[in-house]
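J.:
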Amino acid sequence: MSKFTLVDRSEVPVEQTWNLESIYPDLESWEADLKAVQEMIPNAAALQGSLAKSPQALLAALKASEDLYRKTMKVLVHAMLTSAVDSANQAALARSGQARGLYAKVEAAISFIEPELLSIGFETLETWMDASPELAIYAHYFNTLKHQQEHVRSGEVEEILAMAGEPLGASFSAYGAITNADLKFKPAKSSDGAKLDVGQSSIGALITHEDRKVRKTAWKRYANGYLAYKNTIAAVQTGAFQRDVFNARARRYDSSLQASLAPNNVPTEVFHNLIDVFKRNLPTWHRYWRIRRKALGYKKFHVYDIKAPLANAKVTVPYDQAVEWIAEGMAPLGEEYVTILRNGCTVNRWVDWARNKGKRQGAFSSGAYDTQPFIMMSYADDLFSLSTLAHELGHSMHSYYTRANQPFVYGHYSLFVAEVASNFNQAMVRNYLFETQTDPAFQLGLIEEAMSNFHRYFFIMPTLARWELEMHERVERGEPVNAEIYTNRCAELFKEGYGDEVVFDHDRIGITWAQFAHMYMN
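Structure follows, in structure tokens:
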């Protein structure tokens, strides 16, 4: 079977899927925990007003909320992972919606905790922690709350904000339904007339194809699919922006940007400085496009040529080989690390790497405090897929060790630091392969893989960040937004980045804003 042929989910071999049975052996077990959470909610809510009574009462409330969260997250993660790999599975989508609704109810039920902690006062909390080692575990959490206290509202307002979480999160759900289930793409065509399936699971491999006609038709037809739904997706995107603005104002932040960065103690100046540095260095990217065009021997350079392979012989990397190379590349981190990683990719089935219809776009690492890590991707037997797997394993190993060594209150990490472990793993594996794989075609493939990452993180993402900031600011000012405004401004920003070196297809480049789920997550 070609890696460009997308099969139905029911046809995927079990060894290419993740082991969700490690969370719940059957649907009945999931439903039992769902019911258990529903029954726990009133008990947790009944603790409202009790936290200030004593250190013991506070500790009991914190433990009760943790128990509720832990079980809720298992229910939620299982439901969301089931639907992520098969958007045609209506029952799974329904369970995902049900779980998100349950999570919103849990958030509302325990929304009183932080307002009550503030009413107790930090001097009292410090005294209580001195007398209670179990309570002292929460010192960092209390300190973080102290720094964010001006953005914590009253118990009543916090409850309303928590209840609003489900409807305000509808934009992300709607985007997933549109792009993973409803969008249909015409097949790409090769130089010999063969048709290749275009979908979320295959587009990454298609735009790196050695056949220029495959790249061209795949890129255009993928963009055309989004253009056909641009007004619907724009309405969903606007809803996401309005959500962010609402939340920022409700929590008394100066802007959506500040609301996004402040919880991680990141000043907005850091973001603006990054964008300024990026803009100053755009000529470097112009030079890169020019050099790449010459290396490929093209008179004109298009967006679909950015990931064209330079080597005549394409490097093939089966999944099992990728796992071994990644494990060997991460050997400096120790035998325990490597054993956990290797077993996660094989016997424990952390990774859902199949290419099937209806699978969510992109790749991600997920899981809950009481589950194993899970990775979703569409593996395409190439160096780009190996790199993606190494990246997601960085996230998953970070999560594994965090959960193994931290109490639940610290059993997660911020998005601001999340990419450190993932990119570190990619760099380690890339360096190992440079040292051990001396074939010129392989070495060139590694350089291309590295540049593909630089292109994503140092060109695509900063450009989209500029666009995202500007559109948030338009909504904050009450100015109109729509598909035309989104597409035109996105095209203008990419035009700055491509300069005169790339043939500019205004609409297809401009619709890039609609192709990234990150835009709907804030």
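For what it's worth, the numbering used here labels the leading residue of the sequence shown as 7, then goes sequentially. By construction, the Cβ of each residue, glycine as well, lies at the ideal position given by its N, Cα and C atoms. Quantities reported herein were computed from a predicted structural model and do not represent experimental measurements.
1) With distance defined between alpha-carbon atoms, name the residue in Asn528, Ala520, His278, Val353 nearest to Ala234.
2) So what does DSSP say about Leu12, is it helix, strand or coil?
3) Are the stretch 452-465 and the stretch 245-258 touching, with three or more C-beta to C-beta distances below 8 Å?
4) One question on the structure: do His157 and Arg249 come within less than 8 Å of each other, judged by their Cβ atoms?
5) Among residues of its own chain, excluding the 5 on either side of Ile281, which ones have a beta-carbon nearer than 7 Å to its beta-carbon?
6) Under 8 Å between the Cβ atoms of Pro31 and Ala137?
7) Closer than 6 Å by C-beta to Trp134: which residues in its own chain qualify, once you throw out the five before and the five after it? Chain order, please.
8) Buried or exposed: which applies to Gly373, given that a residue is buried once 16 or more other Cβ atoms fall within 10 Å of its Cβ?
9) Would you list the one or two residues that DSSP bridges to Asp358?
10) Taking Cβ positions, are Val321 and Phe448 nearer each other than 8 Å?
11) Nearest by alpha-carbon distance to Ser371: which of Tyr406, Asp387, Phe510 is it?
12) By the three-class DSSP mapping on this structure, what secondary structure does Leu202 have?
13) So is Met525 buried or exposed if we call it buried at 16+ other beta carbons inside 10 Å?
14) Helix, strand or coil, according to DSSP, for Lys195 in the structure here?
15) Would you mind sorting Pro486 into buried or exposed? The rule is 16 or more other CB atoms within 10 Å of its CB.
16) For Ser207, name the three-state secondary structure that DSSP assigns.
17) Between the Cα of Ile332 and those of Asp188, Glu398, Pro139, spot the shortest distance and give me the residue it belongs to.
18) Please name the residue or residues paired with Ile371 in a DSSP beta bridge.
19) Classify Phe380 as buried or exposed, calling it buried when 16 or more other Cβ atoms lie within 10 Å of its own Cβ.
20) Cα separation between His84 and Asp388?
21) Can you tell me which of the three DSSP states Trp24 falls into?
22) I'd like to check one pair, Val415 with Glu113: are the Cβ atoms closer than 8 Å?
23) Take Met7 and list the residues in its own chain whose beta-carbon comes closer than 6 Å to its own, dropping the five residues that flank it on each side.
24) Is it buried or exposed, Gln432, if we count other Cβ atoms within 10 angstroms and call 16 or more buried?
25) Where does Met7 fall in DSSP's three states?
26) Leaving aside the five residues before and after Arg101 along the sequence, list all residues of the same chain whose C-beta is less than 6 Å from its C-beta, in chain order.
27) Could you give the DSSP three-state label for Tyr259: helix, strand or coil?
28) Rounded to whole angstroms, what's the CA-CA distance from Leu68 to Gly335? Just pull it up for me.
29) Does Asn362 pass the burial test, meaning 16 or more other C-beta atoms within 10 Å, or should it be called exposed?
30) Can you find at least 3 beta carbon pairs, one from the stretch 449-460 and one from the stretch 309-323, that sit closer than 8 Å?
31) I'd like to know whether the C-beta atoms of Val81 and Trp36 end up nearer to each other than 8 Å.
32) Would you be able to state if there are at least three C-beta pairs under 8 Å between the stretch 344-359 and the stretch 485-505?
33) Could you check whether the stretch 211-225 touches the stretch 181-200, counting it as contact only if at least three pairs of C-beta atoms, one from each stretch, sit closer than 8 Å?
34) Thinking Phe284 and Trp295 are a contact (beta carbons under 8 Å), I'd like their distance in whole angstroms, please.
35) How long is the line joining the alpha carbons of Asp326 and Glu21, rounded to whole angstroms?
36) Using a threshold of 8 Å, state whether the C-beta atoms of Val481 and Phe178 are closer than that.
T.: In this structure, then:
1) Checked all of Asn528, Ala520, His278, Val353; the closest Cα to Ala234 is Ala520.
2) Coil at Leu12, not helix or strand.
3) The stretch 452-465 is not in contact with the stretch 245-258.
4) Going by C-beta atoms, His157 is not nearer than 8 Å to Arg249.
5) Sequence-distant Cβ neighbours of Ile281 in its own chain, meaning closer than 7 Å and more than five residues away, are Pro468, Ala471, Arg472.
6) No, the pair does not count as a contact, with Cβ atoms beyond the cut-off.
7) Here the set comprises Pro61, Leu141.
8) Around the beta carbon of Gly373, 16 or more other beta carbons lie within 10 angstroms, which makes this residue buried.
9) Its beta-bridge partners are Met382.
10) Using a Cβ distance threshold of 8 Å, Val321 and Phe448 count as a contacting pair.
11) The option with the nearest alpha carbon to Ser371 is Tyr406.
12) Leu202 falls in the strand class under three-state DSSP.
13) Buried is the call here.
14) Correct three-state label for Lys195: strand.
15) Exposed, because fewer than 16 other Cβ atoms sit within 10 Å of the Cβ of Pro486.
16) Look at Ser207 here: in three-state DSSP terms it is coil, with no helix or strand label.
17) Ranking Asp188, Glu398, Pro139 by Cα distance to Ile332 puts Glu398 first.
18) In the sequence on display, residue 371 carries Ser and not Ile. For Ser371, DSSP records a beta bridge to Ile381.
19) The residue is buried, with at least 16 neighbouring Cβ atoms inside 10 Å.
20) Distance between the alpha carbons of His84 and Asp388: 29 Å.
21) In the structure shown, Trp24 sits in coil (DSSP, three-state: anything other than H, G, I, E or B).
22) Going by C-beta atoms, Glu113 is not nearer than 8 Å to Val415.
23) Annotation note: pLDDT 48 at Met7 (below 50); position unreliable, coordinate value reported separately. Here the set comprises nothing.
24) Burial call: buried.
25) The pLDDT assigned to Met7 is 48, lower than 50, so where the model puts this residue is not dependable; a value taken from the coordinates is nonetheless given after this. The answer is coil: DSSP assigns Met7 none of H, G, I, E or B.
26) Only Ala85 meet the Cβ criterion.
27) DSSP places Tyr259 in coil when its eight states are reduced to three.
28) Linking Leu68 to Gly335 through their CA atoms gives a straight-line distance of about 41 Å.
29) Counting the other Cβ atoms within 10 Å of the Cβ of Asn362 gives 16 or more, which makes it buried.
30) Taking 8 Å as the limit for Cβ pairs, the verdict is that the stretch 309-323 does touch the stretch 449-460.
31) Result yes, Cβ atoms of Val81 and Trp36 sit closer than 8 Å.
32) Short answer: they don't touch.
33) Verdict: yes, contact present.
34) About 16 Å separates the two Cβ atoms, so there is no contact after all.
35) Their Cα atoms are separated by approximately 11 Å.
36) Not closer than 8 Å, so no.
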